[in-house]
Amino acid sequence: MKVDELRQAFLSFFEERGHRRIPSSSLVPHGDPTLLFTTAGMVQFKPYFMGLEDPPATRLTSIQRCFRTTDIEEVGDENHLTMFEMLGNFSIGDYFKDEAVDWAWEFLTGVLKIDPNRLRATVYVDDDYAFSLWEKKGITPDRIHRYTAEQGNWWGPPGDTGPMGPCSEVFFDWGQTPGCPTCADGTCHPDEDCGRFLEIWNLVFMTYYREEDGSQTDLPAANIDTGAGLERLTSVLTGNKNVYETDELRQIVAVAETLSGRTYDPDENPEVAFALRAMTEHARALAFLVTDGVLPSNEGRGYVLRRLLRRAVYFAHKIGVRDPFLAELASAAIDRSLGANPELAEQREFIKRIATVEETRFRQTLERGLDLLEEIMQREQESRRIPGRDAFVLYDTHGLPLELTLEMALEAGYEVDRAGFEAEMEAQRERSRGEEQFTNREDDRAQRYASMDLDSVFMGYGAVTHESTITHLNPPTIEEGQAGEVVLAETPFYPEGGGQVGDRGVIRTDSGVFEVQDTQRYGGAIVHLGVVTSGTIESSGTTTAQASVDAARRLDTARNHTATHLLHAALRSVLGTHVRQAGSYVGPDRLRFDYTHPESPTDAERREFQSIVNQKVRADIRSATFELEYQEAMDRGAIAFFEDRYTERVRMVEYCDSRGLDPDHRHTADCYSRELCGGTHLDSTGQIGSFVVVSDTSIGAGLRRIEALTGASAEQYIEDRLAVLDDLSRHLRVPADEVAARVTSLEQSLEEARKRAQDAARRASASAADDLVSQAVDAGGAKLLVARVTAEDAGALRPMVDRLRQQLGSSFIVLAADIGGKPNFIAAATDDLVERGARADEVVKIAAGIAGGGGGGRPQLAQAGGRDASKIDEALAAAREAALGRLGGT
């Protein structure tokens, strides 16, 4: 059975048993700060298990892409993966142990035809009921094992807190493993690591929740969470322990063979096979991580991705691969995964660009990093321990992740001083942290509202005023001049979300006026933050309030929010469909739009996407908003963000030609923009007025940020720019349309003048150098020249030294100049003198130190500066003495 067939068989099996098929969520967990990545199929269902949200159905099934970092160092062997797919069926307070065991057994032995005699089960140590269920399936008691939590029969939570419970696992028996003594005497069991048994299904009886203090409480209902690794099941069905020899992964390995020019033969060359598997796995993980919004960086998820990419390049380098390979290997992984993951297609070019940029950068430093590591190992042969400082330099300067250094060190029989490395890292963080201090006020407020049973209904899509009742005040009575928080049963105030700022305005009661300065959502409550400007605000439980949003501010915000949708579509049109929103700020004053793109757009591309947005503004396209099923929105081509988690019903905002409307006013033609969005928008694009891009800058690897203005702000910006142009026109005495040409002409004239000045300086330096030759003295069989010279800048010293070396031959030269009141020094030594111990960097440091400065360079050439120019002569005397001592002269 091929991988795609297994996927379909699993989903169909559980759909026939009343389960609703749910798409895989992103590898980046939505709204879950306890997790770096999605590590299990149940992650997207945590709110259902905890009773915080209502599930779309009580029986669910999915194939979830997962990513785990625990075994990265093992990837390259026959069965470890970072990115894998998890088959899962879930019960939210519906069925429990009986059905979970029944269906797992039926699918394994009935659908997949796995020999029942090759299956073993484990249960939690005191779970007699689960034990009896497996017995009923025909598994003899000697093949059912009772394990403790420490032995793996307790699952969860997937973070520091969350749902958890005892579990029961199903293992496949590969048969006796050569060299395993317990296999030979018949006592081997699944808890041993000889490789005989492979876990293929885990049934979690999820009934508890772990609190932050480590205690556990009961969940609202008993749940089932199961997981079966797709790649592991496929290896069982093909009868091969090696997951890389299943159909999908083996095809990617074949491409790795072609790109590397090496043959995959685990028996003949296990080192090459290991490298090819690591390259394959990491390239596949790269494709999925980037598709889900993870980009290489030096922290968090981005650091993990960068570590994978660099590990892949390292292993490729190790087997002799010197040409770029990662982009094409990732593309091959996309080809083999498109059937189940069509979203990979539109990200292909972006993924390849990210891979190319990262591989190129790392290759530039890898050789030097490996050479340096070899030098460190040679130096530390006796201790067999790499100092933390050295490991930090390898990371900070040469880009070698600590984990890669650890891996290479272990391979060579060395250990790494991790504590020393962490101390260096913390010192760097402290330097970066500076004096900034942060408060936890927002976190405290969020936790406080999470414990309350408060819900607010947003009424602001169609109105900016609304009458409602106060359901909560903090403090209970808010006096004039006092800050506080107001919660209404229904409100027209939009709470900050989706990049859009919270509304401002006023809330009036019979007793007072509350000025709303910000609006936030905490759980189900929409909280109005502000201050009482007159009277008193209090609540008796039925207090009526008139809520009024600042309409002008809301309209300006809507202009910018609508413009972000038009801009997003324009960027995808001009730069490619790999472009995806990576963050935004939408306020009344401006918009900020972060997007994925590996390089700076050209000036022509910037003009084009700005022009497209303004074309759509002039077209005055009407908006249409729909509440519909998530899958229907996807089928209609709506853009969703993979890092977000959506409910079954979603809000879709469209901007389409009105001629594309069907009788029910649903757009049937291709729309210019169609996105899932909960923000407030204009009725038509013409209300934007005008749109102008102020800046487009890089904010990280593969990430860019556009700042833009709309409406009156855009008009004012253009007026200000025109005023500057008018001023330039007057000062340059040319018409406005000739300003650019005039500036270019002036730049050319300045460049020509600069070159003439440089030529004159070089001639002067050459002349000065010629005059200095006669001052050189013999010292230890070489020429020594120590002199004070005149120079316009520090850059003039280098050509002077170069000319002197040409004329003097074997020589040691020290020059000093007073440049702008500061002493500057340069020292040079020919290679033969360096071999004798006369190093330029050592001597120049001595001179600079006397003048209150420092510097350095190479043994052959070094420059330094100081603070006290009056010390130049003294510094040169010290340099002369130091040089003579090293040359053996007098």
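Following this note's numbering, the residues of the sequence shown are numbered contiguously, the last one being 1229.
Ideal Cβ positions, reconstructed from N, Cα and C, are used throughout, including at glycine.
N-terminal and C-terminal residue of the beta strand (DSSP E) that residue i is part of
i, result
"S962", "S962 to E968"
"H904", "Where H904 is concerned, there is no enclosing beta strand (DSSP E), although the alpha helix (DSSP H) it sits in stretches over A890 to L914."
"Y994", "R988 to Y994"
"P386", "That residue, P386, is in no beta strand (DSSP E); its alpha helix (DSSP H) goes K385 to F388."
"H323", "Limits of the chain in this structure are 340 at one end and 1229 at the other, which puts residue 323 out of reach."
"N492", "Taken as a continuous stretch (DSSP letters only), N492 belongs to no beta strand (DSSP E), as it is neither H nor E."
"A1166", "K1161 to A1168"
"G1039", "F1030 to G1039"
"G1204", "L1200 to G1204"
"I978", "Note, I978: premise wrong, no beta strand (DSSP E); not H, not E."
"H484", "I483 to Y486"
"L1048", "L1042 to T1049"
Selected residue, minimal CA-CA separation from residue i, among the options
i, options, result
"P291", "S574, A561, V1082 and D481", "Examination of residue 291 is not possible in this model, given that the chain is present from 340 through 1229 alone."
"P1273", "D974, L1015, R1093 and S1052", "Residue 1273 falls outside the range modelled here, since the chain spans only 340 to 1229, and no answer is possible."
"S507", "I361, Y486 and P520", "Y486"
"S599", "T964, M503, L668 and P517", "L668"
"T941", "A1047, Y924 and V913", "V913"
"S676", "S1084, L705, R623 and T1083", "R623"
"A1156", "Q1146, S1150, A1107 and K1122", "A1107"
"T964", "S1012, V925 and G922", "S1012"
"L868", "R892, E474, I846 and A828", "I846"
"M422", "Q515, G568 and G534", "G568"
"F853", "A921, T872, E697 and I865", "T872"
"A886", "A1075, V1140, Q856 and E1131", "Q856"
"V1032", "L894, G1050 and L1021", "G1050"
"A1121", "E1181, T448 and I1152", "I1152"
"F511", "T461, G759, Q839 and T883", "T461"
"L739", "E570, E824, L399 and R650", "R650"
Nearest-angstrom beta carbon gap, residue j and residue i [assumed within contact, 8 Å]
i, j, result
"L634", "G976", "Contact doesn't hold; Cβ gap of about 25 Å is too wide."
"R1081", "V1073", "5 Å"
"T808", "T881", "6 Å"
"W320", "K476", "No answer is possible for residue 320: the residues shown for the chain start at 340 and end at 1229."
"G1204", "A1187", "7 Å"
"T816", "T875", "6 Å"
"H737", "R707", "6 Å"
"Y463", "G501", "18 Å between Cβ atoms; not a contact."
"T585", "T573", "4 Å"
Range covered by the alpha helix (DSSP H) that runs through residue i
i, result
"D532", "No alpha helix (DSSP H) holds D532; DSSP gives it neither H nor E."
"R1230", "Beyond the ends of the chain as shown, which are 340 and 1229, falls residue 1230; an answer cannot be given."
"G1224", "I1211 to L1226"
"P1138", "L1136 to L1147"
"D1256", "Outside the displayed range of the chain (340 to 1229) lies residue 1256, so it cannot be described from this structure."
"R346", "V342 to E354"
"Q555", "Not the alpha helix (DSSP H): Q555 falls in the beta strand (DSSP E), residues Q555 to G568."
"R708", "Note that residue 708 corresponds to Gly in the displayed sequence, not to Arg. Run containing G708: R687 to R718, per the alpha helix (DSSP H) assignment."
Straight-line Cα distance separating residue j from residue i
i, j, result
"H1004", "E971", "Here H1004 scores only 48 on pLDDT, less than 50, and its place in the model should not be relied on; the value that follows carries that caveat. Spanning the two alpha carbons is a distance of roughly 16 Å."
"P605", "N456", "30 Å"
"T778", "G863", "Here the model assigns T778 a pLDDT of 34, short of 50, so the residue's position is not dependable and the matter cannot be decided."
"K1210", "E413", "60 Å"
"P394", "M381", "13 Å"
"E944", "R692", "18 Å"
"V543", "F429", "10 Å"
"D1110", "Q1097", "20 Å"
"A1221", "D1117", "15 Å"
"L1064", "L1071", "10 Å"
"E719", "K1184", "28 Å"
"D662", "L625", "19 Å"
"S878", "R898", "36 Å"
"L705", "I539", "39 Å"
"D557", "L366", "28 Å"
"G773", "G1193", "Because G773 sits at a pLDDT of 39, beneath the cut-off of 50, its placement in the model cannot be relied upon, and the following sentence gives the value as read from the coordinates. Each residue's alpha carbon lies about 25 Å from the other."
"Y753", "R724", "5 Å"
"L345", "E987", "26 Å"
Any C-beta of chain B under 7 Å from that of residue i
i, result
"G820", "Absent from the structure: chain B. Only one protein chain is present."
Flag this pair as touching only if the stretch 902-909 and the stretch 941-961 have three or more C-beta atom pairs under 8 Å; answer yes or no.
The stretch 902-909 makes contact with the stretch 941-961; the number of CB pairs closer than 8 Å reaches 3 or more.
Sufficient close CB pairs (3 or more, under 8 Å) joining the stretch 924-938 to the stretch 1029-1044
Segments in contact, yes.
Check whether the stretch 831-848 and the stretch 788-807 touch, using three or more Cβ-Cβ pairs below 8 Å as the test.
Verdict: yes, contact present.
Does the pairing of the stretch 579-589 with the stretch 554-566 give three or more beta-carbon distances under 8 Å?
Using a Cβ-Cβ distance cut-off of 8 Å, the stretch 579-589 and the stretch 554-566 are not in contact, since fewer than three pairs of beta carbons, one from each stretch, lie closer than that value.
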